[in-house]
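Peer 1:
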Amino acid sequence: MKVDAGIGHKLDKIPSIVSKLEADGYDGVRTAEMNHDPFFPLLLAAEHSEKVEIASSIAVAFARSPMNLANIGHDLNAYSKGRFTLGLGSQIKPHITKRFSMQWGAPAAQMRELVLAMRAIWANWYEGTPLEFVGEYYRHTLMTPAFTPEDKEYGAPKVVLAAVGPKMTEVAGEVADGMIIHPFSTLPYINSVTLPAIEKGLAKAGKTREDFELSYSCFVVTGRDEAEFAASKKATQERIAFYGSTPAYKGVLESIGVGELQGELNTMSKQGRWQEMGTLITDDILAEFGVMGEPAEIAPQMLERYGAFTDRTSASFPVSDDEQRREIIQALRAG
Amino acid sequence: MYVDGGVSNDLNTVGAQAAEMEDMGYSGVMTAETAHDPFFPLLVAAQNTQRVQLMTSIAVAFARSPMTLANIGHDLNAFSKGRFVLGLGSQIRPHITKRFSMPWSSPAARMREYIMAMRAIWDCWHQQQPLEFTGEFYTHTLMTPFFTPTNVDYGAPKVFLAAVGPKMTEVAGEVADGIIVHAFTTEKYLRETTLPALERGFAKAGKKREDFEISYPMFVVTGSTEEDLREAQQATCQQIAFYGSTPAYKPVLESIGAGDLQGDLNTMSKQGRWKEMGELITPDLLQEFAIVGEPQNLAEQIATRYGDIVDRTSAAYAHIGKADRANIIEKLSAV
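This is the structure:
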């Protein structure tokens with residue numbers, strides 16, 4: 002299992018952060034898109050590293066033109082000598098329309114088209130295929146030599162999608178090179194919804210599971226001592242309760258027979274009772290969302306439970322002891 | 015007068031190039047948006063310089079959401095400690111709709127709203143104003159603390175706007191911090207069309223000329239030898255003829271009583287007679303568009319003709335050596 006780590010968005014800190022992560026043995030580094038451009042840190046990460054993979058996880062797809070993303074993807078992949086993965090997510094409608102002032106349609110269909118549009122652009126740039134992409138959401142029919150990148154050695158980056166529901170998951174299987182499973186997932190949900198939907202998508206495109214990379218970052222509760230463990234457990238319970246309050250994620254709670262919890266959490270969230278919400282996440286529920294134990298037990302548990310389908314993880318390991326954390330990473334990478 | 019120069023979009027070399035230009039005395043380094051992302055080279059340049067301004071000249075505004083551009087502008091300005099200038103241009107309809115798959119309509123009105131939308135976003139981030147931008151073309155009404163940058167020391171970048179026609183020029187005067195005048199401009203057009211349009215824009219916004227920068231990348235025909243000079247002259251004439259064939263630029267030719275030429279050039283361009291077209295640009299016409307002379311007297315000529323109206327120039331001194339270039343920059347910087 003490959004292990005990735007986040008690098009944040011503080012541009013002046015990126016060089017030292019990335020050097021340390023590379024030295025620690027991580028396979029990849031990644032950024033999320035929150036209050037900063039998600040690609041600038043990756044450019045600096047590429048400049049200040051030799052071998053780690055770099056990825057957005059995720060950038061907001063619908064906030065951008067496929068042409069723009071194709072260009073960014075090309076440039077980062079060329080500069081990093083093929084180490085870039087463009088991780089995309091849909092975000093939700095209010096953020097696309099009211100924050101980004103961009104169009105939102107049927108998200109799975111729109112995402113499918115966006116990825117296909119980028120692939121059409123890349124095929125035009127790298128193989129000279131005429132650019133004649135006419136879809137429902139995107140149209141790209143104009144390209145001239147002046148706008149065609151000349152540095153084609155490394156071609157297109159890998160594209161992976163973040164998905165929760167079966168439709169978006171199937172789209173990932175069909176048109177993407179990999180998928181990021183939401184941390185708010187349970188093994189029953191992954192086995193009954195996620196993996197079958199991926200297989201459906203792969204079948205549509207005539208691909209096999211080996212062509213596809215699955216990233217899953219379960220919740221990890223651990224610590225170097227009792228106090229650290231307790232803090233980690235409480236934070237995880239609150240995080241799970243926060244996700245559980247979202248109506249769209251009810252299916253995940255249903256997968257472990259606690260669907261009714263969603264309504265309760267939602268009501269409490271509207272009353273701002275965040276800490277109290279965490280107490281509703283019992284040890285049994287917590288165990289469904291990840292692994293819990295001494296630092297030395299974490300990697301074996303993760304490998305046993307998730308190793309069969311997880312190609313890479315960016316789970317965070319809340320252990321303040323660097324050596325213990327390195328041991329977890331090494332054990333996962335060896336497994 | 016500030017002197018800016020273009021930098022390469024090669025991410026492997028742009029750092030050293032920008033550092034060398036800073037040493038030579040350039041005030042700004044600029045990227046254009048053609049086959050690559052226009053912001054990545056400036057991030058690398060920022061790392062390798064301390065003083066020069068980092069400018070896009072230009073990035074295609076309508077290819078992006080004002081929100082992503084506001085974010086990019088914020089990040090580059092913060093990382094460069096206030097040295098970023100976001101130069102924007104509209105491009106033309108086919109490139110926006112058929113290359114970028116983005117909306118196009120009434121470009122001057124849309125650009126005005128675009129820049130105002132970015133300013134509303136920056137006011138929200140930097141001055142805690144509520145985000146309530148509802149325009150004809152763009153809507154930005156959603157912002158949460160999670161998506162708000164926290165490093166607000168350097169605030170918003172300056173925004174420059176590329177404009178040729180009076181409408182876009184007026185918009186630049188009203189909502190931008192500077193204008194990038196097209197190289198295909200005559201002194202008469204600049205004084206009789208551009209300046210009055212800018213003044214109308216200033217008046218609308220209650221701004222003064224001193225609050226605003228005029229950047230004019232004039233054609234310069236020069237060379238260290240007779241042969242270099244002849245070559246430069248021929249190349250510039252062909253370039254002028256190429257621009258002159260564009261119907262939208264007819265008013266520029268009309269400013270010097272050569273409006274008829276536009277039709278001839280347009281016809282010839284459709285027949286592919288590019289070389290012959292250059293021959294229609296007589297030495298008199300060339301004088302209207304370009305500064306022609308030996309390296310040692312270029313600075314005086316530029317200062318005499320444009321010293322009273324142009325704040326920055328970005329002449330491409332391709333045909334002269336480094337020492338002569340540094341000398342011109344030094345003389346112009348003193349104007």
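Going down the list, the sequences are from chains E and C.
The working numbering applies: residue 2 is where the first sequence begins, and numbers increase by one.
The working numbering applies: residue 15 is where the second sequence begins, and numbers increase by one.
Glycine residues also receive a C-beta, built at the ideal position from the N, C-alpha and C atoms.
Do three or more CB pairs link the region 113 to 131 of chain C to the region 76 to 91 of chain E at distances below 8 Å?
Peer 2: The region 113 to 131 of chain C is not in contact with the region 76 to 91 of chain E.
Peer 1: Give the straight-line distance between the Cα atoms of Y244 of chain E and R214 of chain C, rounded to the nearest whole angstrom.
Peer 2: Position 243 of the first sequence, counted from the first residue, corresponds to residue 244 of chain E. Position 200 of the second sequence, counted from the first residue, corresponds to residue 214 of chain C. Near 53 Å, if we compare the C-alpha coordinates of R214 of chain C and Y244 of chain E.
Peer 1: Within the region 278 to 320 of chain E, note down every full beta strand (DSSP E) run reaching 3 residues or more, in order along the chain.
Peer 2: Whole beta strand (DSSP E) segments, 3+ residues: 291 to 293.
Peer 1: If you run the structure through DSSP and keep just helix, strand and coil, what is E47 of chain C?
Peer 2: On the second sequence, position 33 is the one that residue 47 of chain C refers to. Three-state DSSP puts E47 of chain C in coil, outside helix and strand.
Peer 1: For V150 of chain E, go through chain C and note every residue whose CB falls closer than 8 Å to its CB, in chain order.
Peer 2: Walking along the first sequence from the start, residue 150 of chain E turns up at place 149. A quick correction: the sequence has Pro, not Val, at residue 150 of chain E. Residues of chain C passing the Cβ test: A49, H50.
Peer 1: Do L281 of chain E and L262 of chain E count as a contact pair if the criterion is CB distance below 9 Å?
Peer 2: Residue mapping note: residue 262 of chain E aligns to position 261 of the first sequence, counting from 1. Residue mapping note: residue 281 of chain E aligns to position 280 of the first sequence, counting from 1. Going by C-beta atoms, L262 of chain E is nearer than 9 Å to L281 of chain E.
Peer 1: Taking Cβ-Cβ distances shorter than 9 Å, what residues in chain C pair up with A147 of chain E?
Peer 2: One-based indexing of the first sequence puts residue 147 of chain E at position 146. Going along chain C in sequence order, the residues near A147 of chain E (Cβ under 9 Å) are T48, A49.
Peer 1: Which of the three DSSP states is assigned to S193 of chain E in this structure?
Peer 2: Position 192 of the first sequence, counting from 1, holds the residue named residue 193 of chain E. Here S193 of chain E sits in helix by DSSP.
Peer 1: Using the Cα positions of L145 of chain C and Q310 of chain C, report the straight-line distance between them to the nearest angstrom.
Peer 2: Working through the second sequence from its first residue, we reach residue 145 of chain C at position 131. Working through the second sequence from its first residue, we reach residue 310 of chain C at position 296. Taking the straight line from one Cα to the other gives about 53 Å.
Peer 1: Please list the residues of the region 153 to 168 of chain C that have a C-beta atom closer than 9 Å to any C-beta atom in chain E, keeping them in chain order.
Peer 2: For the region 153 to 168 of chain C, which is checked against every Cβ of chain E, the residues closer than 9 Å are T153, H154, T155, L156, M157, T158, P159, F160, F161, T162, P163, T164, N165.
Peer 1: Evaluate contact between the region 196 to 203 of chain E and the region 254 to 274 of chain E, counting only Cβ atoms and requiring at least three cross-stretch pairs below 8 Å.
Peer 2: No: the two stretches stay apart, fewer than three of their Cβ pairs being nearer than 8 Å.
Peer 1: Quick check: the region 36 to 43 of chain C against the region 74 to 93 of chain C, are at least 3 beta-carbon pairs closer than 8 Å?
Peer 2: As far as the Cβ criterion goes, the region 74 to 93 of chain C does not touch the region 36 to 43 of chain C, which means the pair count is below three.
Peer 1: Would the C-beta of M180 of chain E count as close to the ligand GDP, meaning under 8 Å from any of its heavy atoms?
Peer 2: As far as ligands go, the structure on display features none, and thus does not contain the ligand GDP.
Peer 1: How many whole angstroms separate the CB atoms of P231 of chain C and T207 of chain C, which I take to be in contact at a CB cut-off of 8 Å?
Peer 2: By one-based count along the second sequence, residue 231 of chain C stands at place 217. By one-based count along the second sequence, residue 207 of chain C stands at place 193. In fact, because the Cβ distance is near 17 Å, the residues do not count as touching under 8 Å.
Peer 1: Quick check on the DSSP output: the alpha helix (DSSP H) that includes F32 of chain E runs from which residue to which?
Peer 2: As a position in the first sequence, residue 32 of chain E is number 31, starting the count at 1. Strictly speaking, residue 32 of chain E in this sequence is Thr, with Phe absent from that position. Note, T32 of chain E: premise wrong, no alpha helix (DSSP H); beta strand (DSSP E) at 29 to 32.
Peer 1: For chain E, check one thing: does any of its Cβ atoms lie closer than 9 Å to the Cβ of V43 of chain C?
Peer 2: On the second sequence, residue 43 of chain C is found 29 positions in, with the first residue counted as 1. Chain E contact via Cβ: absent.
Peer 1: Using a C-beta to C-beta distance shorter than 7 Å, which residues of chain E count as neighbours of S115 of chain C?
Peer 2: Translated into the one-based positions of the second sequence, residue 115 of chain C becomes position 101. Correct list: S66, P67, M68, Y139, R140, H141.
Peer 1: Near S216 of chain E, which residues of its chain fall below 6 Å by C-beta distance, leaving aside the five closest residues on each side in sequence?
Peer 2: As a working mapping, residue 216 of chain E is identified with position 215 in the first sequence. For S216 of chain E, where only same-chain residues beyond five positions count, the Cβ hits under 6 Å are I181, R313.
Peer 1: Quick check on H183 of chain E - is its C-beta less than 9 Å from some C-beta in chain C?
Peer 2: The sequence position of residue 183 of chain E within the first sequence is 182, counting from 1. Not an interface residue.
Peer 1: So, under 8 Å CB-CB, V53 of chain E and E23 of chain E are touching, yes? Tell me the CB distance rounded to an integer number of Å.
Peer 2: Translated into positions along the first sequence, residue 53 of chain E becomes position 52. Translated into positions along the first sequence, residue 23 of chain E becomes position 22. About 5 Å separates the two Cβ atoms, so the contact holds.
Peer 1: Identify, in the order they occur along the chain, each residue of the same chain with its Cβ nearer than 7 Å to the Cβ of V253 of chain E, setting aside the five sequence neighbours on each side.
Peer 2: The residue labelled residue 253 of chain E in the question sits at position 252 within the first sequence. Excluding positions up to five away in sequence, the list reads F185, S186, T187, Y190.
Peer 1: Would you report the Cα separation of N1 of chain E and N72 of chain E, rounded to the nearest angstrom?
Peer 2: Residue 1 of chain E falls outside the range modelled here, since chain E spans only 2 to 336, and no answer is possible.
Peer 1: If we ignore side chains and look at the alpha-carbon of each, how far apart do F41 of chain E and K95 of chain C end up?
Peer 2: The residue labelled residue 41 of chain E in the question sits at position 40 within the first sequence. The residue labelled residue 95 of chain C in the question sits at position 81 within the second sequence. Their Cα atoms are separated by approximately 16 Å.
Peer 1: Please report how far the alpha carbon of D323 of chain E lies from the alpha carbon of G156 of chain E, in whole angstroms.
Peer 2: One-based indexing of the first sequence puts residue 323 of chain E at position 322. One-based indexing of the first sequence puts residue 156 of chain E at position 155. Those two C-alpha atoms are separated by around 37 Å.
Peer 1: Measure the beta-carbon distance from D325 of chain C to M116 of chain C and round it to whole angstroms, keeping in mind my assumption that it falls under 8 Å.
Peer 2: Counting from 1 along the second sequence, the entry for residue 325 of chain C is found at position 311. Counting from 1 along the second sequence, the entry for residue 116 of chain C is found at position 102. In fact, because the Cβ distance is near 31 Å, the residues do not count as touching under 8 Å.
Peer 1: Please report the residue range of the beta strand (DSSP E) in which T86 of chain E lies.
Peer 2: Stepping through the first sequence from its first residue, residue 86 of chain E is reached at position 85. 85 to 90 is the span of the beta strand (DSSP E), which, as asked, contains T86 of chain E.
Peer 1: Given Q331 of chain E, which residues of its chain have a CB within under 7 Å of its CB, disregarding the five upstream and five downstream residues?
Peer 2: In the first sequence, residue 331 of chain E corresponds to position 330, counting from 1. Closer than 7 Å at Cβ, skipping near neighbours: G26.
Peer 1: Counting Cβ pairs, one atom from each stretch, are 3 or more of them under 8 Å apart for the region 160 to 167 of chain E and the region 230 to 244 of chain E?
Peer 2: Contact fails: fewer than three Cβ-Cβ distances are below 8 Å.
Peer 1: Of the choices C:I343, C:L299, C:G286, whose alpha-carbon is the least far from that of E314 of chain C?
Peer 2: By one-based count along the second sequence, residue 314 of chain C stands at place 300. That would be C:I343, whose Cα lies nearest to the Cα of E314 of chain C.
Peer 1: Quick one: is Q92 of chain E buried, meaning 16 or more other Cβ sit within 10 Å of its Cβ, or exposed?
Peer 2: Stepping through the first sequence from its first residue, residue 92 of chain E is reached at position 91. Buried is the call here.
Peer 1: What is the DSSP secondary structure of M112 of chain E, reduced to helix, strand or coil?
Peer 2: Looking up residue 112 of chain E in the first sequence gives position 111. In the structure shown, M112 of chain E sits in a helix (DSSP, three-state: H, G or I).
Peer 1: Given that D76 of chain E touches chain C, what residues does it touch there, using C-beta distances under 8 Å?
Peer 2: Taking the first sequence and counting its residues from 1, the one referred to as residue 76 of chain E is at position 75. Chain C residues near D76 of chain E: L25, H50, D51, F54.
Peer 1: Kindly indicate the opening and closing residues of the alpha helix (DSSP H) around M69 of chain C.
Peer 2: Along the second sequence, one-based indexing puts residue 69 of chain C at 55. Unbroken run through M69 of chain C is the beta strand (DSSP E), 67 to 70; no alpha helix (DSSP H).
Peer 1: Where do the N-terminal and C-terminal ends of the alpha helix (DSSP H) with A79 of chain E fall, by residue?
Peer 2: As a position in the first sequence, residue 79 of chain E is number 78, starting the count at 1. That run of the alpha helix (DSSP H) goes 67 to 80.
Peer 1: If you compare alpha carbons, which of C:D338, C:N62, C:T200 is closest to Y263 of chain C?
Peer 2: Numbered from its first residue, the second sequence carries residue 263 of chain C at position 249. Closest by alpha carbon: C:T200.
Peer 1: Could you tell me the alpha carbon to alpha carbon distance between S17 of chain E and D137 of chain C, rounded to whole angstroms?
Peer 2: Position 16 of the first sequence, counted from the start, is the residue given in the question as residue 17 of chain E. Position 123 of the second sequence, counted from the start, is the residue given in the question as residue 137 of chain C. Approximately 32 Å, taken between the alpha carbons.
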